[in-house]
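Undergrad: The following block contains the structure, expressed as structure tokens.
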Amino acid sequence: MPRIAIIRKDRCNPQGCGGYLCAKVCPVNMEGKDCIVPTSTGDKKPVIDEHLCTGCGICPNRCPFEAIDIINLPEQLENPIHRYGRNGFHLYSLPTPMFGKVVGIVGKNGVGKSTAIKILAGMLKPNLGGESDASFAEVVKFFKGKEAQGYFEALRDGKIKVAYKPQHVELIPQTMKGKVQDLLKKVDELKKFDEIVDALGLREVLDRDISQVSGGELQRVAIAATVLRKANLYVFDEPTSYLDIKQRILVSKFIKNLADENTAVLVVEHDLIILDYMTDLLHVMYGKEGAYGIVSLPKATRTGMNIYLEGFIRDENMRFRDHEIKFLSRPPVKVSAKVALTSWDGLSKKLGGFALKGGVGSIGRNEVIGVLGENGTGKTTFVKILAGVLKPDEGVVDQKVRVSYKPQYLDVQSDELVMNVLSDATQKYDAQLIRPLELRPLLLKPLNTLSGGELQRVAIAKCLSQEADVYLLDEPSAYLDIEQRLAFSKVVRDVVEHRGVSVLVVDHDLLFVDYLSDRIVVFEGVPARHGSVTGPYPMEAGMNHFLTHVGITMRRDKESNRPRINKPDSRLDREQREQDKLYYG
């Protein structure tokens, strides 16, 4: 049985464990062999000889920093496609682009999705588990008899040209300078500048400097720059982050229309409703975060999505999660039974050229309120008013209760250790926050070294560890994968039920909001000009109200009960519109 040993160097701390504790407790080392030894150069971290390792499990269990994984793999996974150095991450298979199809990839963070698509895009040369990059001949031989063989032969011969949209669009202004219009015209190989700009709603930002555009605008600029290139494989790594739901629908329709008999499209995305809507086929990626990743065979999107939620691939006899993710149709919440913790009446606030108005509403004890609406309609302004960060120009907010607030944008400049930031959470809420949000391995890291997802989880835990009656979380799903989003949802439910508090969550992921919320607040208006607060509504009424403005209808999947978007003008779409039931709760 093949065995891999992973050492997470960012966690490993030989000084903190008293000097290579893993080497001291290794039974093979005790026999006089060098199974675990310190490196004499570089970072001084230990290395593990996978051939000598017996898989006894002592070193991963004794490591106080959870830095070691010893993993026994199935026989067919003996040789990786790519390995990040000795005792580093292993990738064992690749997704398959298909002409005329939009192929999606779903999986948690850290199992190699971005690595896989970078290899397919020709941006990363696979090493086939060795120390140096493999030649095209070696890669073709590795995939002999598989569909990937033909793909890499075509890539080698220049028959496939790839255009790639990176995951982290927020880094673009650091490498690109100038006006949006000039940057897009520079990459316009198809001579479709006006067509693409109008399709993605970018006309208003053309004269702005790239450093002056918002996250959502930057995402659409990056998508435009990708599709203006002459290519027959378009690769999109998380194309909907920073976008509101209207923009997500717009972008997903746009990406779906790119695929034709001469063009293939590959998409990595964490918003399951949007991934379901835009793709024809789906690869499930699984493995252990930071250790190894495996790609399933392609499935029809609906089947693949339900397999991912179930955690079991039947035709490959592979269970990759010990529990099923379930969605429940909930009975309407009896709002009258709720005791109001906070309320607002006749709110009015002006910020520059933007005006926000709010009617009458309240948040009851023991409930989760979801907040939906387009970007620029005042959601963050409203949350800041409830938090007491901003004062309304007119109207009343009941602020007698204690409030804890997680802002939309997170501070990454501090070098303070996570354990200091989360001192309250580690002392009081280890089982409720630290463990389910998987924060223990981050405790000794400085804040400014964390990834977006790690920083988000720290900010969530800090907010929920404060003593408060109402918790306000602005876009907590940003940077989180689907499993982290659902883990967060369970944490919120646990906090609400055990502490008798309430939580208000602003987010753009409809599946996440549907899974989490008891009631819905909907924001309407014209982005950047005016917005109005409506609700809270019961779930079904609120979602119906919201979907009227978005222009889509949604049903529930018969097997998994997850919400899905209906195809425009399909039988279900027409029936639901006739019955004025745009959403089934």
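Position in the sequence shown counted from 1, then plus 982, gives you the numbering used here.
Virtual Cβ for every residue (Gly too), placed ideally from N, Cα, C.
On the criterion of 16 or more Cβ atoms from any shown chain inside 10 Å, does residue 1105 qualify as buried, or is it exposed?
TA: Residue 1105 comes out exposed.
Undergrad: State the CB to CB distance for the pair residue 1353 and residue 1493, rounded to an integer number of angstroms; the pair is presumed to be in contact (CB under 8 angstroms).
TA: 15 angstroms between Cβ atoms; not a contact.
Undergrad: Look up residue 1318 in the DSSP assignment and say whether it is helix, strand or coil.
TA: The predicted model places residue 1318 with a pLDDT of 44, which falls under 50 and marks its position as unreliable; any figure quoted below should be read in that light. DSSP places residue 1318 in helix when its eight states are reduced to three.
Undergrad: Can you tell me which of the three DSSP states residue 1564 falls into?
TA: Note: residue 1564 maps to coil in three-state DSSP.
Undergrad: Once DSSP output is grouped into helix, strand and coil, what is the label at residue 1294?
TA: Three-state result, residue 1294: strand.
Undergrad: Here's the rule: buried if 16 or more other CB atoms are within 10 angstroms of the residue's CB, otherwise exposed. What is residue 1501?
TA: So residue 1501 ends up on the buried side.
Undergrad: On the DSSP bridge list, what partners appear for residue 936?
TA: No answer is possible for residue 936: the residues shown for the chain start at 983 and end at 1567.
Undergrad: Per DSSP, residue 1388 forms a beta bridge with which residues?
TA: In DSSP, residue 1388 forms a bridge with 1455.
Undergrad: For residue 1484, report the span of its alpha helix (DSSP H) as first-last.
TA: Element bounds for residue 1484: not the alpha helix (DSSP H) but the beta strand (DSSP E), 1484–1488.
Undergrad: For residue 1239, does the count of other Cβ atoms within 10 angstroms reach 16, so buried, or fall short, so exposed?
TA: Result: exposed.
Undergrad: Could you check which residue in 1350, 1348, 1474, 1325 has the C-alpha nearest to that of residue 1340?
TA: Selected option, being the one with the closest Cα: 1325.
Undergrad: Would DSSP call residue 1150 helix, strand or coil?
TA: Coil, per DSSP.
Undergrad: According to DSSP, which residues form a beta bridge with residue 1514?
TA: According to DSSP, residue 1514 bridges with 1339, 1506.
Undergrad: Less than 8 angstroms between the CB atoms is what I'm expecting for residue 1261 and residue 1249, so what's the real figure, rounded?
TA: At roughly 6 angstroms, the Cβ-Cβ gap stays under 8 angstroms, so residue 1261 and residue 1249 are in contact.
Undergrad: Identify which residue in 1414, 1535, 1504, 1076 has its Cα closest to the Cα of residue 1130.
TA: It is 1076 whose Cα lies nearest to the Cα of residue 1130.
Undergrad: Applying the 10 Å Cβ sphere with the 16-neighbour rule, what's the burial state of residue 1001?
TA: Per the 10 Å Cβ criterion, exposed.
Undergrad: Locate the alpha helix (DSSP H) running through residue 1107, then write down its first and last residues.
TA: Element bounds for residue 1107: n/a, residue is neither H nor E.
Undergrad: How is residue 1028 classed by DSSP in three states: helix, strand or coil?
TA: Reduced to three states, the DSSP call for residue 1028 is strand.
Undergrad: Judging by CA-CA distance, which residue of 1048, 1226, 1310 is the nearest neighbour of residue 1545?
TA: Considering only alpha carbons, the answer is 1310.
Undergrad: What does DSSP give as the partner residues of residue 1245 in its beta bridges?
TA: Answer by DSSP bridge pairing, in chain order: 1242.
Undergrad: Taking the CB atoms as reference points, tell me whether residue 1321 and residue 1347 lie closer together than 7 angstroms.
TA: Yes.
Undergrad: Got a sec? Which residues, its chain only, sit under 6 angstroms from residue 996 by beta carbon, not counting five neighbours each side?
TA: These residues qualify, in order along the chain: 1002.
Undergrad: If you drop the 5 nearest sequence neighbours on each side, which residues of the same chain put their C-beta closer than 8 angstroms to that of residue 1537?
TA: Excluding sequence neighbours, residue 1537 sits near 1545, 1546, 1548, 1554, 1558, 1566.
Undergrad: Grab the span of the beta strand (DSSP E) containing residue 1218 for me, first residue to last.
TA: First-last of the beta strand (DSSP E) with residue 1218: 1215–1219.
Undergrad: Exposed or buried, which one is residue 1136 when buried takes at least 16 other CB atoms within 10 Å?
TA: Exposed: under 16 other Cβ atoms inside 10 Å.
Undergrad: Which residue comes first and which comes last in the alpha helix (DSSP H) that contains residue 1529?
TA: Its alpha helix (DSSP H) spans residues 1521–1532.
Undergrad: Whole angstroms is fine: what's the gap from residue 1460's alpha carbon to residue 1469's?
TA: The straight-line gap from Cα to Cα measures roughly 14 angstroms.
Undergrad: Would residue 1069 be called buried (16 or more neighbouring beta carbons within 10 Å of its own) or exposed?
TA: Classification for residue 1069: buried.
Undergrad: State the DSSP-derived secondary structure class of residue 952, mapped to helix, strand or coil.
TA: No answer is possible for residue 952: it lies beyond the span of the chain, which begins at 983 and ends at 1567.
Undergrad: Examine the Cβ distances between the region 1526–1533 and the region 1376–1387 and report whether three or more of them are shorter than 8 angstroms.
TA: Contact fails: fewer than three Cβ-Cβ distances are below 8 angstroms.
Undergrad: Considering just the uninterrupted stretch of the alpha helix (DSSP H) at residue 1012, what are its terminal residues?
TA: Per DSSP, residue 1012 belongs to the alpha helix (DSSP H) from 1009–1012.
Undergrad: Starting from residue 1042, trace the alpha helix (DSSP H) both ways and give me its first and last residue.
TA: Residue 1042 -> alpha helix (DSSP H) spans 1040–1044.
Undergrad: From residue 1314 to residue 1037, what does the alpha carbon distance come to, in whole angstroms?
TA: At residue 1314 the pLDDT is 47, less than 50, meaning the model places this residue with poor confidence and gives no usable figure here.
Undergrad: Please state the DSSP three-state secondary structure of residue 1265.
TA: Strand, per DSSP.
Undergrad: Whose C-beta lies closer than 6 angstroms to the C-beta of residue 1102 among residues of the same chain, with five residues either side of it excluded?
TA: Around residue 1102: no qualifying Cβ.
Undergrad: Tell me the DSSP bridge mates of residue 1413?
TA: Answer is none; residue 1413 lacks a bridge partner.
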